[in-house]
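Novice: Let me give you the structure first, and then I'll get to my questions.
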Amino acid sequence: MDEFSQKPICKNATRMSNAIRSIVRENFDPALYSRWLDVPMEVRDAAKQRIVNLFKVNMSQAIIRKYVHTALRTTFKEFRAELHAHYKENGPPNVAREKPHARITKLQDWHKLCDRWETPDWKEKSGKAKRSRAKLPYNHRAGSKSFGRLQHELKERRGVEIGPIEMFKETRHPDKGWVSGGESTYVRVKSSYSLWEYMILK
Numbered sequence: 073m074d075e076f077s078q079k080p081i082c083k084n085a086t087r088m089s090n091a092i093r094s095i096v097r098e099n100f101d102p103a104l105y106s107r108w109l110d111v112p113m114e115v116r117d118a119a120k121q122r123i124v125n126l127f128k129v130n131m132s133q134a135i136i137r138k139y140v141h142t143a144l145r146t147t148f149k150e151f152r153a154e155l156h157a158h159y160k161e162n163g164p165p166n167v168a169r170e171k172p173h174a175r176i177t178k179l180q181d182w183h184k185l186c187d188r189w190e191t192p193d194w195k196e197k198s199g200k201a202k203r204s205r206a207k208l209p210y211n212h213r214a215g216s217k218s219f220g221r222l223q224h225e226l227k228e229r230r231g232v233e234i235g236p237i238e239m240f241k242e243t244r245h246p247d248k249g250w251v252s253g254g255e256s257t258y259v260r261v262k263s264s265y266s267l268w269e270y271m272i273l274k
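For the sequence shown, the working numbering assigns the number 274 to the last residue and increments by one with no breaks.
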């Protein structure tokens, strides 16, 4: 577990991430639980125990407990977002209601989700979230690997520590060039960071 990113960097990191995704989809019913806080503690604990059984992780360590908890919560949020995206991609509401996501095996459960998405309250929250995402200045090209895992691999390959400024460059400027807004941010932050280093070390 990388202490900086608080994410696994071992060779089984991707396998664990995939396992968590499967556990969430099999046990956290989005038709029953509209948000993470609605998921009963016994359901969360059962999911955590499955992770312990699969990967022999030591849940007595605070950093591991925090990672597992955060991974379950984030994956459940992403699953709900995936279902909602499927709904929006399948035409007007009356059509989308009859085209359930493959993960929702009961049509009544899909209809329950559709009812939730069609409420004014949900539409307002969804609109706010969309506007907030549109304000993000840039994305990254790190792929499915966590930044912690990528940082560890770069350190192993180069034999030196990779700082936050160079990690920014590595994840925004691979072979295909800079992501939108990435280069100007990198130049600005690197310049500020170098000035700060000079002032501290002078």
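No residue lacks a Cβ here, since even glycine has one placed at the ideal position from N, Cα and C. From a predicted model like this one, the values you see are computed outputs, not experimental measurements.
Evaluate the contact criterion for the stretch 147 to 160 versus the stretch 89 to 98: three or more CB pairs, one atom per stretch, below 8 Å.
Specialist: yes
Novice: Please identify the residue among R145, R203, V129 whose C-alpha is closest to the C-alpha of D110.
Specialist: R145
Novice: Sort G231, T177, R137, V140 by Cα distance to L155 and report the nearest one.
Specialist: T177
Novice: For the alpha helix (DSSP H) that T191 lies in, which residues bound it at each end?
Specialist: Run containing T191: none; DSSP gives neither H nor E here.
Novice: Pull up the distance between the alpha-carbon of A214 and that of K184, whole angstroms please.
Specialist: Here A214 scores only 49 on pLDDT, less than 50, and its place in the model should not be relied on; the value that follows carries that caveat. The alpha-carbon atoms of A214 and K184 are separated by roughly 36 Å.
Novice: To the nearest angstrom, how far is the alpha carbon of W182 from that of F100?
Specialist: Computed Cα separation, rounded: 14 Å.
Novice: My output table needs one value for F148: the three-state DSSP class, helix, strand or coil.
Specialist: helix
Novice: Buried or exposed: A174, going by 16 or more other Cβ atoms within 10 Å of its Cβ?
Specialist: The Cβ neighbour count for A174, taken over all protein chains shown within 10 Å, is under 16; the residue is labelled exposed.
Novice: Between N130 and the rest of its own chain, which residues show a CB-CB distance below 7 Å, the 5 nearest in sequence each way excluded?
Specialist: Spatial neighbours of N130 in its own chain (CB-CB distance under 7 Å, excluding positions within 5 residues in sequence) are listed in chain order as I136.
Novice: Tell me which residues share the same chain as Y105 and place their Cβ nearer than 7 Å to its Cβ, disregarding the 5 neighbours each side in the sequence.
Specialist: Cβ contact annotation for Y105 (same chain, cutoff 7 Å, sequence separation greater than five): V111, in chain order.
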